[in-house]
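Following: one structure in structure tokens, then a few remarks.
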Amino acid sequence: VAAVAATFLGHAAFASVAISQMMNLNDGNVALTSLESLAVIASSWAFADLGSGLLHFGVDNYGNGRTPILGGLIAAFQGHHSAPWTITYRGFCNNVHKLCIPFGIPTMALISILAGSEHPEVTLFFTVFCAMEILSQEFHKWSHMRKSEVPFWVNWLQDTGLSIGRVPHAQHHLAPYAGNYCIVSGICNEQLDNSGFFRMLEHIIYNINGVESNAWKLDPELRARTLRGEYRLEA
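Counting in this note's numbering, the sequence shown runs from 3 upward without gaps.
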């Protein structure tokens, strides 16, 4: 609980400082700073969906519980396919704490230092991005719960497309779990799956080190199609 609380308080501090620096660069223009901040937040939210898909693809298909640093996260995601309902039993902190490791305060501190006070929009972008990546696991949990089991505002977030919905995410839980990886809002899923983006990544990884994705192991035909260069995910 303390680690999760500290992470979000740290992110709030990074965001506040970044917005204050943007205000200074804009000579105190509140309207301009507000518009810039909203644009950065919106773009970060969209890219966070893509980021969640890349992460989800990676931990679903490669590594195991013994993998350094991310082993716990990998084991949780891969085990989730065999018992998806168990995610709904977790409290908020228990559900998101593993993501506080890669997307926590040390990561944001490094980004803030590299961005400097001259580029506060970069710090704000990645602060929102990291926060969304951590929260993606909670959005994920909500997509496994019935409407009657969540507060009204959660249903509103799903209905408006701000967080991943139940029906879109259910499509991921069809073996071999080869698509619909994005779990912030899911806005990137259709384009990524139709373009064959993740199949192309699997092919590239296989050509580099010979490692097959878990999706390939579950579906030899998917493996064969991908190796032939037929990347588009079939419905």
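Note that beta-carbon positions come from the ideal geometry of N, C-alpha and C, so glycine has one too.
Check: Of all the beta strand (DSSP E) runs that stay within the bounds of the stretch 36-91, which reach a length of 3 or more residues?
Finding: The qualifying runs do not exist here; there are none.
Check: Do C132 and T162 have their CB atoms nearer than 8 Å?
Finding: Residue numbering aside, residue 132 sits at position 130 when the sequence shown is read from its first letter. Residue numbering aside, residue 162 sits at position 160 when the sequence shown is read from its first letter. No, they are not a contact pair.
Notebook entry, point to check: Which of the three DSSP states, helix, strand or coil, is assigned to C102?
Noted result: What you label residue 102 is simply residue 100 of the sequence shown in a count that begins at 1. In the structure shown, C102 sits in a helix (DSSP, three-state: H, G or I).
Note to self: Measuring straight from C-alpha to C-alpha, what distance separates P70 and V32?
What the structure shows: Here residue 70 refers to the residue found at position 68 of the sequence shown. Here residue 32 refers to the residue found at position 30 of the sequence shown. Cα to Cα, the separation comes out at about 45 Å.
Checklist line | Segments of 4+ residues assigned as alpha helix (DSSP H) that fall wholly inside the stretch 106-189 | finding: 107-117, 122-144, 154-161, 168-172
Checklist line | Residue nearest to G198 in terms of C-alpha spacing, selected from R230, L220, G212 | finding: In the sequence shown, residue 198 corresponds to position 196, counting from 1. Distance from the Cα of G198 is smallest, within the candidate group R230, L220, G212, for R230.
Item checked: Closest Cα partner of L137 within the set D51, L194, M25 -> For the purposes of this step, residue 137 is taken as residue 135 along the sequence shown, with counting starting at 1. Nearest C-alpha to L137: D51.
Next item on the list: Could you tell me which of N28, Y64, M24 sits nearest to A217, measuring between CA atoms?
Entry: Reading the sequence shown from its first residue, position 215 is the one you call residue 217. Checking every option, the nearest Cα to that of A217 belongs to Y64.
Next item on the list: Measure from the alpha carbon of T90 to the alpha carbon of each residue in P104, M147, I113, L101, then state which is nearest.
Entry: Locating residue 90 in the sequence shown gives position 88, counting from the first residue. Residue M147 is the option with its Cα nearest to T90.
Notebook entry, point to check: In chain order, what residues of the same chain lie with their CB nearer than 8 Å to the CB of A160, ignoring the 5 residues before and after it?
Noted result: By 1-based counting over the sequence shown, the position of residue 160 is 158. Just to set this straight, residue 160 is Gln in the shown sequence, not Ala. Once the five neighbours on either side are set aside, the close Cβ partners of Q160 are W144, S145, I166, G167, R168.
Checklist line | Short Cβ contact (8 Å threshold) for T125 with A20 | finding: Locating residue 125 in the sequence shown gives position 123, where the first residue counts as 1. Locating residue 20 in the sequence shown gives position 18, where the first residue counts as 1. Between T125 and A20, the C-beta spacing is below 8 Å.
Next item on the list: Give the straight-line distance between the Cα atoms of G118 and D29, rounded to the nearest whole angstrom.
Entry: Residue numbering aside, residue 118 sits at position 116 when the sequence shown is read from its first letter. Residue numbering aside, residue 29 sits at position 27 when the sequence shown is read from its first letter. Approximately 18 Å, taken between the alpha carbons.
Check: Does the beta-carbon of G81 have 16 or more other beta-carbons within 10 angstroms, so that it is buried, or is it exposed?
Finding: Residue numbering aside, residue 81 sits at position 79 when the sequence shown is read from its first letter. Looking at its Cβ environment, which holds fewer than 16 other Cβ atoms inside 10 Å, G81 is exposed.
Notebook entry, point to check: With C-beta atoms as the reference, is E214 less than 8 Å away from R201?
Noted result: The sequence position of residue 214 within the sequence shown is 212, counting from 1. The sequence position of residue 201 within the sequence shown is 199, counting from 1. Contact: no.
Check: Could you give the distance in angstroms between the alpha-carbon of A78 and the alpha-carbon of C95?
Finding: As a working mapping, residue 78 is identified with position 76 in the sequence shown. As a working mapping, residue 95 is identified with position 93 in the sequence shown. Straight-line Cα distance between these residues: approximately 15 Å.
Margin query: Taking a contact to mean a Cβ-Cβ separation below 8 Å, would you say E140 touches S54 in this structure?
Written below: Reading the sequence shown from its first residue, position 138 is the one you call residue 140. Reading the sequence shown from its first residue, position 52 is the one you call residue 54. Contact flag unset, no.
Check: Should S84 go down as buried or exposed, given a rule of 16 or more other Cβ atoms within 10 Å for buried?
Finding: On the sequence shown, residue 84 is found 82 positions in, with the first residue counted as 1. With fewer than 16 other Cβ atoms within 10 Å, it is exposed.
Margin query: Here's the rule: buried if 16 or more other CB atoms are within 10 angstroms of the residue's CB, otherwise exposed. What is P153?
Written below: Here residue 153 refers to the residue found at position 151 of the sequence shown. By the neighbour-count rule (16 or more Cβ atoms within 10 Å), P153 is not buried but exposed.
Next item on the list: Identify the continuous alpha helix (DSSP H) that holds S18 and give its terminal residues.
Entry: Indexing the sequence shown from 1 puts residue 18 at position 16. Taken as a continuous stretch (DSSP letters only), the alpha helix (DSSP H) holding S18 covers 4-27.
Checklist line | Beta-carbon proximity of V130 to S36, cut-off 8 Å | finding: Counting from one through the sequence shown, the residue named residue 130 turns up at place 128. Counting from one through the sequence shown, the residue named residue 36 turns up at place 34. Contact: no.
Checklist line | D195, DSSP secondary structure in three states | finding: On the sequence shown, position 193 is the one that residue 195 refers to. If DSSP states are grouped into helix, strand and coil, D195 belongs with the helices.
Margin query: For a quick check, are the C-beta atoms of L116 and K100 less than 8 Å apart?
Written below: For the purposes of this step, residue 116 is taken as the residue at position 114 of the sequence shown. For the purposes of this step, residue 100 is taken as the residue at position 98 of the sequence shown. Result no, Cβ atoms of L116 and K100 do not sit closer than 8 Å.
Note to self: Just to confirm the assignment, what range does the alpha helix (DSSP H) spanning L229 have?
What the structure shows: Within the sequence shown, the letter at position 227 stands for residue 229. Counting along the chain, the alpha helix (DSSP H) containing L229 begins and ends at 222-229.
Margin query: Using only CA atoms, which one of F10, E232, P86 lies nearest to L176?
Written below: Reading the sequence shown from its first residue, position 174 is the one you call residue 176. That would be P86, whose Cα lies nearest to the Cα of L176.
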